[in-house]
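Enquirer:
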Amino acid sequence: MLAVDLLNPTLENEKRQHKLKRLVQSPNSYFMDVKCSGCFNITVVFSNSQSVVTCPGCSTVLCQPTGGRARLTEGCSFRKKIN
Numbered sequence: 001m002l003a004v005d006l007l008n009p010t011l012e013n014e015k016r017q018h019k020l021k022r023l024v025q026s027p028n029s030y031f032m033d034v035k036c037s038g039c040f041n042i043t044v045v046f047s048n049s050q051s052v053v054t055c056p057g058c059s060t061v062l063c064q065p066t067g068g069r070a071r072l073t074e075g076c077s078f079r080k081k082i083n
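Residue numbers for the sequence shown follow my numbering, so the first one is 1 and each next one is one higher.
Have a look at this one:
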């Protein structure tokens, strides 16, 4: 008997697997709302953005690109967008 149920994997197991080897393929990237620490303006930012994102209100830098995920500046808070 098999110790692991292949048709009903746990949520933790699905998160650990590669994005193409999951039962239903899904990307690891997401959009997020980032709140500026200076003027509390909310801007939508892609998690893997490849350019510097600035606040439209006070023109401070919200995030900077790295090799993969964008790095938020200190003081900025974020939340994932839901669909």
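Yeah, the Cβ is synthetic: ideal placement off N, Cα and C, and Gly gets one too. In this text the structure is predicted, and so the values were computed from the model without any measurement.
1. State the CB to CB distance for the pair C58 and L72, rounded to an integer number of angstroms; the pair is presumed to be in contact (CB under 8 angstroms).
2. Among C55, T43, N28, which one has its Cα closest to the Cα of R16?
3. For C39, count neighbouring C-beta atoms within 10 Å of its own C-beta (all shown protein chains included) and say buried if the count is 16 or more, exposed if not.
4. How is R79 classed by DSSP in three states: helix, strand or coil?
5. Could you compute how far the alpha carbon of L6 sits from the alpha carbon of V44?
Expert: In this structure, then:
1. The count along the sequence shown starts at 1 and reaches residue 58 at position 58. The count along the sequence shown starts at 1 and reaches residue 72 at position 72. 16 angstroms between Cβ atoms; not a contact.
2. Position 16 of the sequence shown, counted from the first residue, corresponds to residue 16. Ranking C55, T43, N28 by CA distance to the CA of R16 puts N28 first.
3. Position 39 of the sequence shown, counted from the first residue, corresponds to residue 39. C39 is exposed by the Cβ-count criterion.
4. By 1-based counting over the sequence shown, the position of residue 79 is 79. Note: R79 maps to strand in three-state DSSP.
5. For this step, residue 6 is matched to residue 6 along the sequence shown. For this step, residue 44 is matched to residue 44 along the sequence shown. One C-alpha to the other measures close to 37 angstroms.
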